[in-house]
Structures are given as C-alpha cells and as structure tokens.
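Each residue of the sequence shown is one higher than the last, beginning at 98 in our numbering.
In this text, a Cβ means the ideal position worked out from N, Cα and C, and glycines have one as well.
What you are looking at is a predicted structure, and each value in this text was computed from that prediction instead of being measured.
Take a look at the structure below.
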Amino acid sequence: MKVFSQKEPILKEIEDLKARHFTIGLVPTMGALHEGHLELVKKALTDNDYVIVSIFVNPTQFDNNDDLKKYPRTLNDDVVLLKTVSKDNIVIYAPTVNDIYEGNTVSQKFDFDGLEFEMEGKFRQGHFDGVGTIVKRFFDIIKPHNAYFGEKDFQQLQIIRKLVEKHQIPVNIVGCKIHREATGLAMSSRNTRLKPAYKNAAPFIYKTLTTAKTLFGTKSANKVTEWVEKEFAKHKLLQLEYFIIADVDTLKLVKRKSPDNYGGKKSYRAFIAVYADDIRLIDNIALN
Ligand code: PAF
C-alpha cells in the first residue's frame, strides 16, 4: 500500500492512474479510523478502480485548540486497518500541515447559502470554512471522480454538496449511511476518548433519537423537541447542547410539519449534539 505525505509524488501517482483510465474515489478522513470509515472505503472500492484515503487532522476546522491537540493521531494503526480492506487498490495521502497550507494556515471564506449558520455553525465558529477549505483543496489536488462522506456529519455532507454546486467542481458526492456500534452509538473517532461510564451512557443519544422519530409521527416538531430536552435534563451524565428538527434541504429549524410533507415533498431530520464529559458527540436521524 502506498502512503504519500507530499503533494508532488501523489500528483504523479494520480496522473499515472488517470493515464491508465482508472476511476478514482476519494474518502477524506482525519484518521483514527474505525469501522464507519472502512464502510466508506468499501463502498468507494465497489464504485472505483482506486480509492485515495486522505488522513489529515485539519487545523482550520477546529474552533478549540485543546480539541485539536487531543484529536487522536494513529497513522500506523490506520494503515494496518486499511490493509485489511485492500492492499493494492488503496492509496493513502497523509500530508503535513505545511504541504496543504504552505505556511498560511487559514481558511478561505465561503458562502454556503446559509447552511453554514445552522446547528454546528452556531456552536463551532468558522468550522465549515475550515472544512470547505480542506475538502476543496483535496478536490483540487486529487480531482476524484467520486467522493464519499458519512451521514453522521449530515450538515457537512449538505455543505459539501453546496460547495461542489457553487464552485462547479466535477465530482460526484456520495452520502453514506451512519455506521453504529451494537449499542446504537454512532461510530466516531471521538468514542475512543470516552471514559467507561460515559461510553455506557452514550447509547442514550440514539435511543432518544429513535423515540423522537416515533413521536414525530403524531406530534409537532416543537412537542418532540420539548420531550427530548426534558429527557436530557433528567440525565445524570449527558448534557444536551442542542436538539433540532430541520428541513433536510435548508437545514432550517422546523416547528410544525408542512402540509407538503403529505405529498412527500419535504424531508425532515432530527439533529443532536451532546456533551459526554468533555467529549462532544453528534448524531442525527431521518424522520420521514
Ligand atoms: O468529516 C471529517 O472527518 C472531516 O471534516 C473531513 C471531511 C475529513 C475534512 O477534514
């Protein structure tokens, strides 16, 4: 398996693959790979001849320096894990900060038609400019045919679709279902940092989301939100940051279901962010 840490050699590799008319899928990651990432890579391998997995903890998308410092960096383990999926058709690009930012570690400013101001955007200043900057950079360098993103970061997925549309980037964006642990907890690199008591408590997040989905069948978005807030207020370990029911296209908060819903026009999703000790966990669920 080839592992590149510099732009020039990977550019040569990509040129060579493209000259041989191979299709390329990109799976951007920040490393600390888990089963959820491997599912993205497997999907990408079924759709493409070669898959480039980028492993890069992108400094410009962190609004909290402590979070950036503590983010797990496990390149050797990541390589071993990826080899279990394919030894020949995966290429790893694990660049240095300098290789990407060339001494100027700042974000480009983007206009994502307001998607960037909802939910995560309210709680993580500048986060989506950082994500847009790095993903666009990878698209510019790699020029993949397809790129794969998990629905766990659903807002990120919609923003990347918007980035591609607005900047007319010729890449097909593929959204992939959330991969969950047996307990229902959405897989995340952050889960490895949960202390045992919090790890045991965390499946409450998905359990609450599934009940919220059932309630949404008969109750308004407002009522469901009130119920979720009360459930978390009673919880001893988990602290709710937000629970929001939103329109999938605009990501804007929904108070009441639109009558369009019955014509099948509107899609809603519930989004949640929770603190388990100092670890911030997010999840979401399709409601219709
Ligand atoms: O979802 C992530 O892991 C990151 O936001 C991404 C897309 C790799 C950009 O750094």
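Quick check: is any heavy atom of the ligand PAF less than 7 Å from the C-beta of residue i?
i: D237; result: no
i: T126; result: yes
i: V176; result: no
i: N269; result: no
i: V232; result: yes
i: D250; result: yes
i: N155; result: yes
i: V148; result: no
i: V203; result: no
i: V194; result: no
i: V228; result: yes
i: Q222; result: no
i: Q255; result: no
i: Q158; result: yes
How would you write the range of the alpha helix (DSSP H) that residue i sits in, first residue to last?
i: Y303; result: F301 to F313
i: F220; result: E217 to F220
i: E326; result: A318 to K331
i: P106; result: K104 to A116
i: R377; result: It is not in any alpha helix (DSSP H) - R377 instead sits in the beta strand (DSSP E) that spans I376 to A383.
i: F225; result: H224 to I239
i: K259; result: F251 to K263
i: N162; result: N162 to K167
i: V351; result: No alpha helix (DSSP H) contains V351, which DSSP labels as neither H nor E.
i: I197; result: V194 to Y198
i: N297; result: P293 to A298
What distance in whole Å lies between the Cβ atoms of residue j and residue i, which are believed to be in contact at a cut-off of 8 Å?
i: F235; j: S317; result: Incorrect: roughly 41 Å between the Cβ atoms, too far for contact.
i: T202; j: P156; result: 6 Å
i: Q158; j: I231; result: 7 Å
i: K212; j: K263; result: The amino acid at residue 212 is misidentified as Lys; the sequence shows Leu. Not a contact, Cβ separation roughly 11 Å.
i: F214; j: D226; result: The pair is not a contact, with the Cβ atoms about 12 Å apart (cut-off 8 Å).
i: V100; j: V176; result: 6 Å
i: S102; j: T171; result: Wrong, their Cβ atoms sit about 15 Å apart, outside the cutoff.
i: Y295; j: A373; result: 4 Å
i: Y190; j: I107; result: 5 Å
In chain order, what residues of the same chain have a beta carbon less than 8 Å from the beta carbon of residue i, not counting five sequence neighbours either side?
i: V148; result: I121, G122, L123, V124, V138, A141, L142, S183, N186, I187 and V188
i: N381; result: E248, K249, F251, I275, L306, R366, A367, F368 and I369
i: D144; result: T120, G122, N243 and V271
i: S286; result: M127, G128, A129, L130, H131, Y168 and P169
i: D160; result: R221, Q222, G223 and H224
i: D196; result: S102, Q103 and K104
i: M216; result: Q252, Y339, I341, A343, L348, F368 and A370
i: E110; result: K99, F101 and V188
Counting only the same chain and skipping the five closest in sequence on each side, list residues whose C-beta sits under 7 Å from that of residue i.
i: E278; result: M284
i: G281; result: P300, Y303 and K304
i: T386; result: Outside the shown range of the chain (98 to 385) lies residue 386, about which nothing can therefore be said.
i: K180; result: M98
i: K337; result: Lys is not the amino acid found at residue 337; the sequence shown has Leu there. Closer than 7 Å at the Cβ level, and outside the excluded window around L337, lie E326, F329 and V371.
i: S204; result: T157, G223, D226, G227 and T230
i: V261; result: V268 and I270
i: A298; result: L334, L335 and A373
For residue i, which residues from the same chain have a beta carbon less than 6 Å from its beta carbon, with the 5 sequence-adjacent residues on both sides left out?
i: E136; result: H276
i: D146; result: F119 and T120
i: F313; result: V321 and L384
i: I376; result: R287, R290 and L291
i: A309; result: V321, V325 and A367
i: G379; result: Before going further, note that residue 379 is Ile rather than Gly in the sequence given. Cβ neighbours of I379 beyond the five flanking positions: A370.
Let's see if you can read the secondary structure: which residues bound the beta strand (DSSP E) around residue i?
i: V176; result: First-last for V176: L172 to K180, but that is the alpha helix (DSSP H), not the beta strand (DSSP E).
i: L137; result: It is not in any beta strand (DSSP E) - L137 instead sits in the alpha helix (DSSP H) that spans E132 to D144.
i: K99; result: K99 to F101
i: I270; result: N269 to C273
i: A367; result: Y365 to A373
i: D185; result: Unbroken run through D185: none, as it is neither H nor E.
Consider the Cβ of residue i: report whether some Cβ of chain C lies at a distance smaller than 8 Å.
i: V154; result: Annotation note: the requested chain C is absent from the structure, which comprises a single protein chain.
Would the C-beta of residue i count as close to the ligand PLP, meaning under 7 Å from any of its heavy atoms?
i: P106; result: The ligand PLP is not part of the structure shown, which contains the ligand PAF as its ligands.
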